[in-house]
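These notes concern the structure reproduced below.
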Amino acid sequence: MKVAFGGTPEFARAALAAIVAAGFEVPLVLTQPDRPAGRGQKLQASPVKQLALEHGIAVHQPERLKDPATHQPLIAAAPDVLVIAAYGLILPQAVLDIPRLGCLNIHASLLPRWRGAAPIQRAIEAGDAETGVTIMRMEAGLDTGPILLRESLPITDGDTAATLHDKLEALGARLVVQALRDIDRLTPVPQPTEGVTYANKIDKAEAMLDFRRPAAELARCIRAFDPFPGATATLDGTTIKLWHALPESGTGAPGTVLAVDGRGIVVACGEGALHVTELQKPGGKRLPAADFLRGASVVAGQRFATAS
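Here's what the structure looks like:
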């Protein structure tokens, strides 16, 4: 069976690697065009493109797929199935119709919960107890296709978007190989009409914490925004990134520093308090609170800014 593949970041790279390792023929890889990256802003190939080139797989990098001319490499590759994972481009119906067995998508949530661009972060932010990976047959709607396989895993109290991403990446790679091997025996199941939620793309503006919110919510935001965009708070005009914090009891005007010690900084919230234990100042590194405080003066009574 010939399996064409479309994807861009590390999440997709793991799936492609698993497909290749499983022995499937991959005639073509679709991925985003090379983008400027790093301090020098040099053009950099996506993780998926890098892996494809390592294996001598042809690569197609259209900016969009609206023009029928951009479909020709996929038509010429004549795949039996097209697997999509975090590709970043919308596939028109004409593309979905090319593979004789259709198109499969690896989605990092338990659909229909968290359709859309940022399912990993939104699941943590919402306080979900579990998430997972869904392998679905693609159709024109946004993550609306019927389910072929789905497997869950728990979200732990210590999970960040980074750690959960890695767990789901491995799960997605395993499940897509299973789906490809069993594709003739799997029965597509329509998604339930109840329980639909949408995971909007993370906006950098969301990074600024509002200490009027409950501490438990803010702690989840910090985990959800690690590593991107990084939760931020402003103290005496300086924007600081907060990388790790736990909710605890405490009262005071929201944003007020209640206590400072070697373990961290306790900040009053709308409900409870946030014990911040890992921080980063502008231009610095992520540091445990004790190390951060050696180079920053923070005392009880100071107040972090609250959103206007």
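In my numbering, the protein residues as written are -11 to 296.
Note that beta-carbon positions come from the ideal geometry of N, C-alpha and C, so glycine has one too.
Fair warning: this is a prediction, and the values are worked out from it, not measured in the lab.
Quick one: Cα of ALA(-8) to Cα of ARG282, how far? 53 Å
Under 8 Å between C-beta atoms of GLY252 and PRO242: no
Boundaries (first-last residue) of the alpha helix (DSSP H) holding LYS30: Element bounds for LYS30: not the alpha helix (DSSP H) but the beta strand (DSSP E), 30 to 32.
Look up VAL165 in the DSSP assignment and say whether it is helix, strand or coil. The answer is helix: DSSP assigns VAL165 an H, G or I state.
Look up CYS91 in the DSSP assignment and give the residues it is bridged to. CYS91 is bridged to LEU70.
Kindly indicate which three-state DSSP category LYS269 falls into: helix, strand or coil? LYS269: coil per DSSP, three-state reduction.
How many angstroms separate the CA atom of LEU136 from the CA atom of GLY(-6)? 18 Å
Looking only at DSSP bridge pairs, what is HIS59 linked to? DSSP output for HIS59 lists no bridge partner at all.
Unbroken alpha helix (DSSP H) run spanning ALA2, endpoints: Here the alpha helix (DSSP H) through ALA2 covers -2 to 9.
Pull up the DSSP beta-bridge partners for ILE253, would you. BP columns for ILE253 point to VAL248 and VAL264.
According to DSSP, simplified to helix, strand and coil, what is ARG208? Residue state, collapsed to three classes: helix.
Is it a yes or a no for the stretch 216 to 230 touching the stretch 123 to 131, going by three-plus beta-carbon pairs under 8 Å? no
For VAL255 and LEU262, the rounded distance between their alpha carbons: 5 Å
Roughly how far, in whole angstroms, is the beta-carbon of GLU118 from the beta-carbon of PRO142, given that I think they are within contact range, below 8 Å? 5 Å
Would you mind giving the Cβ-Cβ distance between ALA73 and ALA3, rounded to the nearest angstrom? I have them listed as a contact below 8 Å. 5 Å
C-alpha distance - ALA219 paired with ALA161, whole-angstrom precision: 29 Å
Apart from the five residues just before and just after GLN179, which ones in its own chain have a Cβ nearer than 8 Å to its Cβ? LEU99, PRO100, MET124, THR132, GLY133, PRO134 and ILE135
Taking buried to mean at least 16 other C-beta atoms within 10 Å of its own C-beta, is GLU42 buried or exposed? exposed
Closest residue to GLU182 among VAL248, ARG201, PHE199 and ARG103 (Cα-Cα distance): ARG103
Helix or strand or just coil, what does DSSP make of LEU18? strand
Does GLN109 pass the burial test, meaning 16 or more other C-beta atoms within 10 Å, or should it be called exposed? buried
Do HIS48 and LEU92 have their C-beta atoms closer together than 8 Å? no
Within this structure, are the beta carbons of LEU16 and PRO50 separated by less than 8 Å? no
Report all residues from its chain with a CB closer than 8 Å to the CB of GLU139; omit the five preceding and five following residues, and keep chain order. GLY120, VAL121, LEU159 and LEU163
Go to VAL121, then tell me how far its beta strand (DSSP E) extends in each direction, as first and last residue. 118 to 125
Reduced DSSP category for GLU299 - H, G, I as helix; E, B as strand; rest coil: Because the chain here runs from -11 to 296, residue 299 falls outside it and cannot be looked at.
Check each candidate in GLY289, TYR75 and LEU84 and name the one with the smallest Cα separation from ASP224. Among GLY289, TYR75 and LEU84, the Cα nearest to that of ASP224 belongs to GLY289.
Backbone secondary structure at THR185 - three-state DSSP: Reduced to three states, the DSSP call for THR185 is coil.
Neighbourhood of PRO235 by C-beta distance below 7 Å, restricted to the same chain and skipping five residues each side: ALA203, ALA204, ALA207, GLY260 and LEU262
For PHE12 and VAL165, I'd like the C-alpha separation in whole angstroms. 9 Å
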